[in-house]
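Inspection log for the structure reproduced underneath, given as structure tokens.
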Amino acid sequence: MASIFTKIITGEIPSYKVAEDDQFIAFLDINPNARGHTLCVPKQETNKIFDMQPQQYLELMRFSRRVALAIEKTVPCKRIGMSVIGLEVPHVHVHLIPLNDMKEMTFQHKVKQHENDFISLAKEIANNLE
Ligand code: AMP
Numbered sequence: 718m719a720s721i722f723t724k725i726i727t728g729e730i731p732s733y734k735v736a737e738d739d740q741f742i743a744f745l746d747i748n749p750n751a752r753g754h755t756l757c758v759p760k761q762e763t764n765k766i767f768d769m770q771p772q773q774y775l776e777l778m779r780f781s782r783r784v785a786l787a788i789e790k791t792v793p794c795k796r797i798g799m800s801v802i803g804l805e806v807p808h809v810h811v812h813l814i815p816l817n818d819m820k821e822m823t824f825q826h827k828v829k830q831h832e833n834d835f836i837s838l839a840k841e842i843a844n845n846l847e
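Sequential numbering from 718 applies to the sequence shown in this note's numbering.
In structure tokens:
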């Protein structure tokens with residue numbers, strides 16, 4: 718069965734998209750640890766990150782770096798944290814999280830964000846992509 722992220726990639730379910738190329742997509746996490754929390758996802762569905770082909774893994778890192786720099790330009794923060802988990806959604810994704818405090822990397826601390834803010838933030842990040 719297709720993962721929820723494959724359904725986002727195919728447009729079956731909506732997302733707040735910030736970047737896309739032929740191999741990858743990035744969209745805002747729907748339950749963010751911090752404002753600007755973004756997921757970078759390969760279009761080819763693989764469960765575990767270290768099962769990816771080495772070249773595709775490196776390309777995912779390159780794509781994630783580009784998105785991280787755009788988030789950092791958009792959201793005031795000390796730095797962008799990166800995490801890979803996948804216990805909830807078994808489709809590789811890199812979490813990019815604007816950090817001001819260690820608690821934002823714990824996945825216990827969540828922030829409420831309104832629909833309008835998700836929409837405008839996704840556009841702002843997309844506009845800051847190099
Ligand atoms: P994990 O698999 O543990 O790395 O966590 C999956 C992440 O995906 C969580 O942070 C969820 O909030 C996020 N997530 C789940 N469904 C969606 C969705 N439809 N759109 C955006 N983010 C999602």
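For every residue, glycine included, the Cβ atom is placed at its ideal position computed from N, Cα and C.
Treat the numbers as computed from the prediction; the structure is a model and nothing was measured.
Status (buried if at least 16 other CB within 10 Å, exposed otherwise) for residue i
i, result
"residue 815", "buried"
"residue 736", "buried"
"residue 804", "exposed"
"residue 831", "exposed"
"residue 800", "exposed"
"residue 753", "buried"
"residue 727", "exposed"
"residue 730", "exposed"
"residue 842", "buried"
"residue 823", "exposed"
"residue 847", "exposed"
Beta-carbon proximity of residue i to residue j, cut-off 8 Å
i, j, result
"residue 759", "residue 786", "no"
"residue 802", "residue 813", "no"
"residue 748", "residue 827", "yes"
"residue 767", "residue 741", "no"
"residue 808", "residue 732", "no"
"residue 784", "residue 751", "no"
Selection from the options that minimises the alpha carbon distance to residue i
i, options, result
"residue 723", "780, 754 and 764", "764"
"residue 791", "743, 748 and 838", "838"
"residue 745", "769, 734 and 829", "734"
"residue 757", "729, 823, 788 and 771", "788"
"residue 811", "774, 794 and 730", "774"
Cβ of residue i within 8 Å of any chain D Cβ
i, result
"residue 830", "Here chain D cannot be found, since the structure has a single protein chain."
Residue i in three-state terms, based on DSSP
i, result
"residue 802", "coil"
"residue 759", "strand"
"residue 736", "strand"
"residue 781", "helix"
"residue 827", "coil"
"residue 791", "helix"
Per DSSP, cross-strand counterpart(s) of residue i
i, result
"residue 811", "757"
"residue 797", "815"
"residue 745", "755"
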